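K.L.:
Counted the way our numbering counts, the sequence shown spans residues -7 to 184. C-beta: ideal position from N, C-alpha, C; glycine also. Keep in mind that this is a model prediction, so the values were computed, not measured. This structure is in C-alpha cells; I'll ask about it shortly.
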Amino acid sequence: MQSDRPLFVPVILGTPRRGRMSENAARLLHAIVEKRRGVETELIDVATLGIPVDDAGESAKDEAFSEAMNRADALVIVAPEYNHGYPGLLKHVLDTNLKEYVHKAVGVVGVSAGIFGGARVIQNLIPVLRELGLVTIFWDVNFTTVGTRFDESGKLLNESFLPRIDMFLDELLWMAETLRYGREHVTIGASP
C-alpha cells in the first residue's frame, strides 16, 4: 500500500498571541515530524498567514494555505487552550477551506499553562475538525504546565513526552497512509 510519494504532514501553530508558549511545542513537533522517513512537512503559523478577518470561508481563502491543505495527507494542529476553548483565529483559518480537508487525518496537540494540558481545547476542537471532513486520530499530545516544559531557547526539558509523541505520530501516519489509499482507490457511493 506504500506510495512512492512522501506523505505531506504540515504542523499548524494555531495562535497569533505574543509570548505564546505553544510555539515551542509546535517547533518540537515539526522537528520530530521532519525526521520521519517518507514524510515531508512545514510549519504553518496562523499569525503569518494574512487571512482577512473581515470576511469568511472561500472569500477569505489564502492560496498558499489552501494549496498546503490540498496537498496535505494529514495535519498536526498545535493549539493552546484559551478559557476552555480554541483560539478564534485558528477556527477562522480552518474555516477558509473545506474540500481540501475531506478524508485526511488530523492529530491535535493541546497546550495549557495548567494541569489539564489542553485537554479541553482538544475536546472542543474535535467536533469542528470532524465537521470540516477531517478524520481525528485517537491519540493526543498534552503539554501540561507548558511554562515548565521548555527552556528559554525552546528546548524540551522533560523527554518523557517523546514516547507519547512517537505513538501519536505512528497513529497519525498510519491513518494518513490508509486514507490516502482510500482517496486514491475507493469510490464513495459506488454500486456493487
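Which full runs of the beta strand (DSSP E) of 3+ residues lie inside the stretch 115 to 166, going along the chain?
P.N.:
126 to 128, 133 to 135
K.L.:
Assuming A60 is part of the beta strand (DSSP E), what are its boundary residues?
P.N.:
First-last for A60: 55 to 63, but that is the alpha helix (DSSP H), not the beta strand (DSSP E).
K.L.:
Pull up the distance between the alpha-carbon of I36 and that of D47, whole angstroms please.
P.N.:
21 Å
K.L.:
Classify G77 as helix, strand or coil using the three-state DSSP reduction.
P.N.:
strand
K.L.:
Name the two residues that bound the continuous alpha helix (DSSP H) containing I107.
P.N.:
I107 -> no alpha helix (DSSP H), and no H or E assigned at all.
K.L.:
Per the DSSP calculation, G181 is bridged to which residue(s)?
P.N.:
According to DSSP, G181 bridges with nothing at all.
K.L.:
Considering A17, what are the terminal residues of the alpha helix (DSSP H) in which it resides?
P.N.:
14 to 26
K.L.:
Take the Cβ of A18 as the centre, count every other Cβ of all protein chains shown within 10 Å, and call the residue buried at 16 or more, exposed below.
P.N.:
buried
K.L.:
Determine which residues share a DSSP beta bridge with L67 and list them.
P.N.:
V98
K.L.:
Since L5 sits in a beta bridge, which residues does DSSP pair it with?
P.N.:
D37, V70
K.L.:
Name the DSSP beta bridge partners of V31, please?
P.N.:
L(-1)
K.L.:
Would you call the stretch 146 to 159 in contact with the stretch 168 to 175, where contact means no fewer than 3 C-beta pairs closer than 8 Å?
P.N.:
Taking 8 Å as the limit for Cβ pairs, the verdict is that the stretch 168 to 175 does not touch the stretch 146 to 159.
K.L.:
Taking C-beta to C-beta, are G102 and A66 nearer than 8 Å?
P.N.:
In this structure, G102 sits away from A66, with a CB-CB distance that is not shorter than 8 Å.
K.L.:
Is the number of C-beta pairs between the stretch 74 to 91 and the stretch -5 to 3 that are closer than 8 Å three or more?
P.N.:
With the cut-off at 8 Å, the stretch 74 to 91 and the stretch -5 to 3 do not touch.
K.L.:
State the Cα-Cα distance for the pair S152 and D158, rounded to the nearest angstrom.
P.N.:
11 Å
K.L.:
So N16 and F142 are supposed to be a Cβ contact under 8 Å. How far apart are they, rounded?
P.N.:
4 Å
K.L.:
Is it true that the CB of I43 sits closer than 8 Å to the CB of H84?
P.N.:
A contact, by the Cβ cut-off of 8 Å.
K.L.:
Can the beta-carbon of S104 be found closer than 8 Å to that of T128?
P.N.:
no
K.L.:
Can you list, in chain order, the residues of its chain whose CB lies under 6 Å from that of V68, leaving out five sequence neighbours each side?
P.N.:
V3, L21, G99
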